[in-house]
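Visitor:
There are 2 protein chains.
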Amino acid sequence: MTGESVRQDAPVIGLEDVRAAAVRLTGHATRTPVLTSRTLNARTGAQVFLKCENFQRVGAFKFRGAYNAVSALPPEQLARGVAAYSSGNHAQAVALAARELGTRAVILMPEDAPASKVAAVKAYGAEVVSYDRYTEDRVMLGEALARDGGLALVPPYEHADVMAGQGTVGLELLEEVGPLDAIVVPVGGGGLMAGVATAATGLQPGITMIGVEPELGDDQRRSLLEGDRVRIPIPRTIADGLAIDIPGELTFCVNRRLVSEIVLVSDAQILDAMRFLFDRMKLVVEPSGAVPVAALLSGRVELSGKRVGLVISGGNIDVQRFVALLGASVGE
Amino acid sequence: MTGESVRQDAPVIGLEDVRAAAVRLTGHATRTPVLTSRTLNARTGAQVFLKCENFQRVGAFKFRGAYNAVSALPPEQLARGVAAYSSGNHAQAVALAARELGTRAVILMPEDAPASKVAAVKAYGAEVVSYDRYTEDRVMLGEALARDGGLALVPPYEHADVMAGQGTVGLELLEEVGPLDAIVVPVGGGGLMAGVATAATGLQPGITMIGVEPELGDDQRRSLLEGDRVRIPIPRTIADGLAIDIPGELTFCVNRRLVSEIVLVSDAQILDAMRFLFDRMKLVVEPSGAVPVAALLSGRVELSGKRVGLVISGGNIDVQRFVALLGASVGE
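Protein sequence lines, in the order shown, are assigned to chains Y and S.
In this text, residue positions in the first sequence follow the numbering used here: the first is -19, and each later residue adds one.
In this text, residue positions in the second sequence follow the numbering used here: the first is -19, and each later residue adds one.
1. Which chain Y residues sit within Cβ distance under 7 Å of S/V303?
2. Measuring only the C-alpha atoms, how far is Y/T181 from S/T83?
3. According to DSSP, S/G61 sits in a beta bridge with which residue or residues?
4. Taking the alpha-carbon positions, what's the Y/G171 to Y/R11 distance?
5. The beta strand (DSSP E) with S/I250 in it runs from where to where?
6. Could you pull out every residue in the same chain whose Cβ sits closer than 7 Å to the Cβ of S/A275, ignoring the five residues on either side in sequence?
7. The beta strand (DSSP E) spanning Y/T12 covers which residue range?
8. Just curious, the beta strand (DSSP E) that S/F43 is in, first and last residue?
9. For S/G150, which residues in chain Y fall below 8 Å Cβ to Cβ?
10. Counting only runs that start and end within the region 151 to 198 of chain S, where is the alpha helix (DSSP H) found for 4 or more residues in a row?
11. Could you tell me the distance, in whole angstroms, from the CA atom of Y/T6 to the CA atom of S/T19?
12. Could you give the first and the last residue of the continuous alpha helix (DSSP H) run that contains Y/G105?
13. Please report the distance separating the alpha-carbon of S/A71 from that of Y/A177.
14. Report yes or no: is there a C-beta of chain S within less than 9 Å of the C-beta of Y/K261?
15. Count the other CB atoms, across all protein chains shown, that sit within 10 Å of the CB of S/Y114; report buried if there are 16 or more and exposed otherwise.
16. According to DSSP, is Y/V(-14) part of a helix, a strand, or is it coil?
17. Got a sec: which bits of the region 267 to 301 of chain Y sit with their beta carbon under 7 Å from any beta carbon on chain S, in order along the chain?
18. Measuring straight from C-alpha to C-alpha, what distance separates S/E195 and S/D247?
19. What in chain S is Cβ-close to Y/L15, meaning under 9 Å?
20. Considering S/P90, what are the terminal residues of the beta strand (DSSP E) in which it resides?
21. When you compare only the Cα positions, how much space is there between Y/E107 and Y/P54?
22. From S/D199, S/E266, S/E156, S/E116, pick the residue whose C-alpha is nearest to that of S/V38; which is it?
23. If I measure Cβ to Cβ from Y/S66 and keep anything under 6 Å in the same chain, skipping five residues before and after, which residues do I get?
24. S/F258 versus chain Y: which residues are under 7 Å apart at the beta carbon?
25. For Y/R366, which residues in chain S fall below 8 Å Cβ to Cβ?
26. Taking Cβ positions only, does S/R79 come closer than 9 Å to chain Y?
27. Please list the terminal residues of the continuous beta strand (DSSP E) segment that includes S/F35.
28. What does S/G39 reach in chain Y if we use C-beta pairs closer than 7 Å?
29. So with Cβ pairs under 9 Å, would you call S/R18 a contact of chain Y?
30. Nearest CA to the CA of S/L30: which residue from S/A174, S/L230, S/P166?
31. Indicate the three-state DSSP secondary structure (helix, strand or coil) for Y/A223 in the structure shown.
32. Less than 9 Å between CB atoms is the rule here; does S/S51 satisfy it with respect to chain Y?
33. Report all residues from its chain with a CB closer than 8 Å to the CB of S/I(-7); omit the five preceding and five following residues, and keep chain order.
34. Nearest chain S C-beta to Y/S203 closer than 9 Å, yes or no?
35. Taking its Cβ as the centre, do 16 or more other Cβ atoms sit within 10 Å of S/M120, making it buried, or is it exposed?
36. Spatial neighbours of S/E312 within its chain, please: C-beta separation below 7 Å, excluding the five flanking residues on both sides.
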């Protein structure tokens, strides 16, 4: 943040790592479309580009980081297999990456993970182990699981290869639409933001990176304001992918340098954004993936006159949960 | 159908009309993305390409035909304005085309049209007149409306310029993905099929054109089997865009020559397809737009080993109707 460079502020990854990930992902990850909406432009006054990672394999950006990390393992480790802990999308991502690379995957998932996500992980051939995310520490459980089975732990964000893989979202976005004034990114553990911010500021120094968190899960915002990682109670929010209590160490090391601002959105604003994406853009987006649209539509971030990229991070919400979340507010 | 060419079998439109429409539509209609799904390929054994007209302006392919027809009007007629009758998407399409071309639009809509469609038409600045589609003849009403107001009637499908505009869907699809073995198209009045079939068979003689109708609205299928237009009772189906009692004269003249087969799908199969498109492809598709996917997933059409294009014709279903249609079957 200042000219006094300290060790923890040294870049964890650089643009060249993201470029290397892009090469590894070619032919494996989907180069997702960038969509626009005249209505969204009219409502926000901005020129908005949606990078649609809901169309990514496994339905979320997580496949990029997982595939990049698993494919980078030494052959003998790859042969033994991988383990992961995840509230959902990362689980599917590691399961699919392992299957494609011909190895075993054991996934630690919270008991209250959406049924569709658990089923999808099993369908990719992975073994699933459950835990209670309100009482148990998934990091410790995951590390024990990996150690006991001789498996390589693929963390959801605390890993240079994972962050570099997620960064390819930013690389593709800027390659496709050209220079942007700002990019707005959902922030959970911070891996997507760290990767995209590394790619975007590397390609275009001075670009404004804006993170979005749910109001009840504002650990990144507090941490950035504090200048150090702040732990909050595990948040309960419909944006389950962003229900994180403390930023990652590595991701925070990147994001404290590169992120301009974190804005907060309420669950009601997220539902409004999901309804807008459904009705006006014909897109199925999960709550965590809709927070950038929520931030713009609600006015929590004001980017009138700017060229703005939004990362729509995932679309893994099944019909049942969609109806439960949005059915109640129908007919108002 | 035979070598004995008769007057009514002369082509109503040709590939050159579709190409001319494509030029007019450039910069006005969205060049919609073609999406693929590994899951859909795996389930059907085919290589499937979805031409996603749910991302078209006004949420459906109808904008192409409407804009092409309105923009082709003589200046003095364009200045007086246009009228249209429609169960929904065509109404919005004509309203938007009129607004963009700076003229007046009066739209005749059924009383039971989805509220979101009526609201959208009004939002485009058009005047709306209601009628009962079970007791009144929309064609006669529409003609009277046009005559009395000095307006040019833009029919939803019985017009060469409308068919040519819809044909650009087929042109873009084949330009983007290369040769296909078959294209599967929803059939209501038959304008989309007539246009796409003209473009596709023009570019690639011998391509198989397959239409899909709802089981209860099988007027095209009966007409093709009969060799002449057959009228059925107005069908009640969730695919409201396909609830047509008799094929158009002009469209049937084209389709009898170019369409290989019409297959039928049930409302339950349409709902299954909508759920698949939502859960697995993150796409919001209206019932009428989902019938090609319903035909493939249900096995009503078997195209294993083939390269197949599906026209996803529209996405105009609001959250409220989606919940009403799919909420009931949740949790089974």
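Every residue, glycine too, gets a C-beta built ideally from N, C-alpha and C.
Guide: If we stick to the structure as given:
1. V303, L306, G307, V310
2. 46 Å
3. Partner(s): none; S/G61 has no beta bridge.
4. 19 Å
5. That residue, S/I250, is in no beta strand (DSSP E); its alpha helix (DSSP H) goes 247 to 261.
6. V164, V192, V243, V245, V281
7. Y/T12 -> no beta strand (DSSP E), and no H or E assigned at all.
8. It is not in any beta strand (DSSP E) - S/F43 instead sits in the alpha helix (DSSP H) that spans 42 to 51.
9. By Cβ distance, chain Y contributes nothing, its closest Cβ being about 21 Å from S/G150, past 8 Å.
10. 171 to 183
11. 20 Å
12. From DSSP, Y/G105 is part of no alpha helix (DSSP H); its letter is neither H nor E.
13. Linking S/A71 to Y/A177 through their CA atoms gives a straight-line distance of about 44 Å.
14. Note on identity: in this sequence residue 261 of chain Y is Met, with Lys being the wrong assignment. For Y/M261, the answer is yes, since a Cβ of chain S falls inside 9 Å of its Cβ.
15. Burial call: exposed.
16. No answer about Y/V(-14) holds up, because its pLDDT of 39 lies below 50 and its placement is not dependable.
17. G295, D298, V299, Q300
18. 8 Å
19. Simply P13, F35.
20. 85 to 90
21. 22 Å
22. Nearest in C-alpha terms to S/V38, of all of S/D199, S/E266, S/E156, S/E116, is S/E266.
23. Within the same chain, Cβ atoms closer than 6 Å to the Cβ of Y/S66 are found at P136, the five residues on either side in sequence being excluded.
24. Listed by position along chain Y, the residues whose Cβ is nearer than 7 Å to that of S/F258 are V264, V299.
25. Residue coverage of chain Y in this structure runs from -19 to 312, which leaves residue 366 of chain Y outside it and unanswerable.
26. S/R79 does not count as touching chain Y.
27. Careful: S/F35 lies outside any beta strand (DSSP E) and carries neither H nor E.
28. K262
29. Residue contact check for S/R18 against chain Y: a CB pair falls below 9 Å.
30. It is S/P166.
31. coil
32. It does not; no Cβ of chain Y falls within 9 Å.
33. A140, M143, A144, G147, A174, G175, T178, V234
34. Output row for Y/S203: interface = no.
35. It is exposed - the Cβ of S/M120 has fewer than 16 other Cβ atoms within 10 Å.
36. For S/E312, the pLDDT reaches just 39, beneath the cut-off of 50, and the residue's location in the model is therefore unreliable, leaving the point undetermined.
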